[in-house]
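Asks:
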Amino acid sequence: MQESERPEFVEVIAGLAATFRQEATTALYYGYWMGLQDLALADVKRAAIRAMRTSKFMPAVAELRELAGEMLPEHRAVKAWEAFQEGIRQHGYYQSVSFDDGLINATVHNLGGWMPLLERLDSEEDEKWIRKDFERVYKAFAISGIGHEQARPLIGYCDTENQRNGYLEAVGEPVKVITGLVPRREAIEGPAD
Numbered sequence: 001m002q003e004s005e006r007p008e009f010v011e012v013i014a015g016l017a018a019t020f021r022q023e024a025t026t027a028l029y030y031g032y033w034m035g036l037q038d039l040a041l042a043d044v045k046r047a048a049i050r051a052m053r054t055s056k057f058m059p060a061v062a063e064l065r066e067l068a069g070e071m072l073p074e075h076r077a078v079k080a081w082e083a084f085q086e087g088i089r090q091h092g093y094y095q096s097v098s099f100d101d102g103l104i105n106a107t108v109h110n111l112g113g114w115m116p117l118l119e120r121l122d123s124e125e126d127e128k129w130i131r132k133d134f135e136r137v138y139k140a141f142a143i144s145g146i147g148h149e150q151a152r153p154l155i156g157y158c159d160t161e162n163q164r165n166g167y168l169e170a171v172g173e174p175v176k177v178i179t180g181l182v183p184r185r186e187a188i189e190g191p192a193d
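The numbering of the sequence shown is the UniProt record's numbering, which starts it at 1 and goes up by one.
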């Protein structure tokens, strides 16, 4: 959410507090803002409505995040692997790509890079172990956060060769791979202090 959305956010939390007969204090608003500000306001509203319909008590921030559709890191890692596999099917070894979930880019870089990782995926047995490593690294990054440098695009064979041979004008923009797993803001910037 943007700072400009804070008044509407406060109204949502005030409505939630009133529904559950909780005192709506400045501290309450501030705590919920700190815990939910990386979500879209529409997601927070949807979570509040779901809580009003299904909960008996005022939901904690973590419960609202779940009601907003936030996945646990373990579940995100499984979805990220599926998105990675789809990226391979669509674009392959030769094309440079950048996943809209920068955590996937960071995970692939951590595991050796786009081309070396794809070269290792040559048997079902190798794929099984690479998948375990991928999901483990992705989960760790989802929890700890990454920097923008870690989320940089993944360079394919054609662009690597063009750069190596000095054909810089032939190096294109990487293809954006849409996953639907756009991470929370803090996952890319790192945890807030």
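Using N, Cα and C, we set each Cβ at its ideal position, and we do this for glycine too.
Please tell me whether ALA47 and ALA18 are closer than 9 Å, where the distance is taken between their beta carbons.
Replies: Cβ distance not < 9 Å, so ALA47 and ALA18 don't count as in contact.
Asks: Near ARG76, what residues of its chain come up, given a Cβ to Cβ distance below 6 Å and the 5 sequence neighbours on each side ignored?
Replies: ALA142, listed in sequence order.
Asks: Determine the DSSP secondary structure at PHE84, reduced to helix, strand or coil.
Replies: Three-state DSSP puts PHE84 in a helix.
Asks: In angstroms, rounded to a whole number, what distance separates the CA positions of GLY87 and GLU135?
Replies: Roughly 16 Å between the two C-alpha positions.
Asks: Over what stretch of residues does the beta strand (DSSP E) that includes SER144 continue unbroken?
Replies: Note, SER144: premise wrong, no beta strand (DSSP E); alpha helix (DSSP H) at 124-144.
Asks: According to DSSP, is ALA17 part of a helix, a strand, or is it coil?
Replies: Residue state, collapsed to three classes: helix.
Asks: Put PHE9 into one of helix, strand or coil per three-state DSSP.
Replies: Of the three classes helix, strand and coil, the one that applies to PHE9 here is helix, per DSSP.
Asks: Between the C-alpha atoms of ASP193 and GLN37, what's the straight-line distance to the nearest angstrom?
Replies: Per-residue confidence for ASP193 stands at a pLDDT of 42, beneath the threshold of 50, marking its modelled position as unreliable; no derived number is given.
Asks: Determine the DSSP secondary structure at LYS45, reduced to helix, strand or coil.
Replies: Three-state DSSP puts LYS45 in a helix.
Asks: Applying the 10 Å Cβ sphere with the 16-neighbour rule, what's the burial state of GLY156?
Replies: Buried, because 16 or more other Cβ atoms sit within 10 Å of the Cβ of GLY156.
Asks: Could you name the residues of the same chain whose beta carbon sits closer than 7 Å to that of GLU127, not counting the 5 residues immediately before and after it, in chain order?
Replies: Taken in chain order, the residues that qualify are LEU121.
Asks: Assign HIS109 to buried or exposed, taking buried as 16 or more other Cβ atoms, counted over all protein chains shown, within 10 Å of its Cβ.
Replies: Buried, because 16 or more other Cβ atoms sit within 10 Å of the Cβ of HIS109.
Asks: Helix, strand or coil: which one does DSSP assign to LEU28?
Replies: Helix, per DSSP.
Asks: Considering VAL61, what are the terminal residues of the beta strand (DSSP E) in which it resides?
Replies: Taken as a continuous stretch (DSSP letters only), VAL61 belongs to no beta strand (DSSP E), being part of the alpha helix (DSSP H) at 61-67.
Asks: Taking Cβ positions, are ASP159 and VAL177 nearer each other than 9 Å?
Replies: No, the Cβ-Cβ distance between ASP159 and VAL177 is not below 9 Å.
Asks: Whole angstroms is fine: what's the gap from LEU72's alpha carbon to GLY166's?
Replies: The straight-line gap from Cα to Cα measures roughly 44 Å.
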